[in-house]
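Contents: one structure, followed by commentary.
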Amino acid sequence: MIIVKKPQELEAMRVSARKTATILHKVAAKVAPGVTTLELDEYAAELARKEEGICAFYGYHGFSGHICASVNEEIVHGVPGRRVIRDGDVVSIDFGLVYGGYVGDTATTVAVGNVDPEWKRLLITTEDCLTAAIGKAVEGNRLSDISNAVQVIAEAAGFSVVRDFVGHGIGRDMHEDPQIPNYGPPGRGPVLKAGMTFAIEPMINLGGHKTQTLNDGWTVVTKDRLPSAHFEHTVAVGKTKAEILTVPETDG
Ligand code: MG
Numbered sequence: 154m155i156i157v158k159k160p161q162e163l164e165a166m167r168v169s170a171r172k173t174a175t176i177l178h179k180v181a182a183k184v185a186p187g188v189t190t191l192e193l194d195e196y197a198a199e200l201a202r203k204e205e206g207i208c209a210f211y212g213y214h215g216f217s218g219h220i221c222a223s224v225n226e227e228i229v230h231g232v233p234g235r236r237v238i239r240d241g242d243v244v245s246i247d248f249g250l251v252y253g254g255y256v257g258d259t260a261t262t263v264a265v266g267n268v269d270p271e272w273k274r275l276l277i278t279t280e281d282c283l284t285a286a287i288g289k290a291v292e293g294n295r296l297s298d299i300s301n302a303v304q305v306i307a308e309a310a311g312f313s314v315v316r317d318f319v320g321h322g323i324g325r326d327m328h329e330d331p332q333i334p335n336y337g338p339p340g341r342g343p344v345l346k347a348g349m350t351f352a353i354e355p356m357i358n359l360g361g362h363k364t365q366t367l368n369d370g371w372t373v374v375t376k377d378r379l380p381s382a383h384f385e386h387t388v389a390v391g392k393t394k395a396e397i398l399t400v401p402e403t404d405g
């Protein structure tokens, strides 16, 4: 069942999501050659502590990180560790925070220094996919209109859509109904209502769509080891326009 949030719940989600996005923004700004993914993880944990929030991924089914850090061929669920970020990498950071009983979930992919132009185009396209998908999160549309918007843009650019992992409803729980695939025909699934809240998260590959999970039980990589990009926002379906909830506080 898809939960339609009441106005006071949406207000609580705005607060939580804003904190989530602000932390992601700060962690993403630390991504640089020579930095390890564990250092980024520790920074996220420190920022979450200061905000008196709970890192949603930490301990989730035994996950050891406060963020997911997925480099190059890693699509999602990269476990923070000793991997050193290098010039030319693309680094996806995914962060979830629980605050005031509500979860925010957001991700971005950072291009580090001198990145291959095709890889850069992959990042730009994936962000375009997210923007287009969010544009469909409007009352009266069907759920798969979101999915289709991602697929159309990704494939027109010559890239492929990850099938094995999907977006999701979000609220008091990180993963609520519905599942939101990033592919499929439009006009299917439930009719959207204002107040539904979704984590929309296209994962787009430079090569084929197939995935593989590494022996750590978490890290998902592209089967062909070509790079992947991932962008995510927590959004609320609106009457005429979606509202992005994971907007960072500006520095003033
Ligand atoms: Mg998510």
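Heads up, the sequence shown is in our numbering, so the first residue is 154 and it goes up one at a time.
Glycine included, every Cβ here is placed at the ideal spot set by N, Cα and C.
How many angstroms separate the CA atom of residue i from the CA atom of residue j?
{"i": "G348", "j": "I220", "result": "27 Å"}
{"i": "Y336", "j": "P270", "result": "25 Å"}
{"i": "A260", "j": "G342", "result": "25 Å"}
{"i": "T393", "j": "E292", "result": "7 Å"}
{"i": "A307", "j": "G320", "result": "16 Å"}
{"i": "P401", "j": "A182", "result": "13 Å"}
{"i": "E111", "j": "F384", "result": "Residue 111 is absent from the structure shown; the chain starts at 154 and stops at 405."}
{"i": "L359", "j": "A382", "result": "8 Å"}
{"i": "Y430", "j": "T403", "result": "The requested residue 430 does not occur in the structure, where the chain is confined to residues 154 to 405."}
Grab me the residues of residue i's own chain with a C-beta within less than 7 Å of its C-beta, minus the 5 sequence neighbours each way, in chain order.
{"i": "K273", "result": "A264"}
{"i": "N142", "result": "Absent from the structure is residue 142, since the part of the chain shown begins at 154 and ends at 405."}
{"i": "L163", "result": "G348 and A389"}
{"i": "T278", "result": "I306, A307, A310, F312 and I357"}
{"i": "T369", "result": "The residue you asked about is not Thr; residue 369 is Asp in the sequence shown. For D369, where only same-chain residues beyond five positions count, the Cβ hits under 7 Å are V232."}
{"i": "V344", "result": "G293 and R295"}
Kindly identify the DSSP beta-bridge partner or partners of residue i.
{"i": "N358", "result": "S313 and S381"}
{"i": "E329", "result": "G322"}
{"i": "F248", "result": "I220 and T259"}
{"i": "F105", "result": "In the structure as shown, the chain begins at 154 and stops at 405. Residue 105 is therefore absent and cannot be evaluated."}
Near residue i, which residues of its chain fall below 8 Å by C-beta distance, leaving aside the five closest residues on each side in sequence?
{"i": "V180", "result": "L193, Y196, A197, L200, I220, I246 and F248"}
{"i": "G215", "result": "none"}
{"i": "G324", "result": "I156, K158, E162, M166, Y255, V256 and T350"}
Hey, out of the options, whose CA is closest to residue i's CA?
{"i": "S223", "options": "R325, A290 and V374", "result": "V374"}
{"i": "R202", "options": "A185, H178, K172 and H230", "result": "K172"}
{"i": "P331", "options": "R295, N358, V314 and I357", "result": "R295"}
{"i": "L177", "options": "Q161, G340, G212 and D258", "result": "D258"}
{"i": "D317", "options": "G361, Y213, V251 and Y211", "result": "G361"}
{"i": "H230", "options": "T399, H386, T387 and T372", "result": "T372"}
{"i": "E205", "options": "A285, L250, T399 and L276", "result": "L250"}
With distances taken between CB atoms, is the gap from residue i to residue j smaller than 8 Å?
{"i": "L191", "j": "R239", "result": "no"}
{"i": "S313", "j": "G253", "result": "no"}
{"i": "T189", "j": "V237", "result": "yes"}
{"i": "C282", "j": "P339", "result": "no"}
{"i": "I353", "j": "H386", "result": "yes"}
{"i": "I228", "j": "I397", "result": "no"}
{"i": "G266", "j": "P186", "result": "yes"}
Leaving out five residues on either side along the sequence, give the residues of the same chain with a beta carbon under 6 Å from the beta carbon of residue i.
{"i": "K289", "result": "D298, I299 and A302"}
{"i": "Q365", "result": "V374 and K376"}
{"i": "A174", "result": "T259, T399, V400 and P401"}
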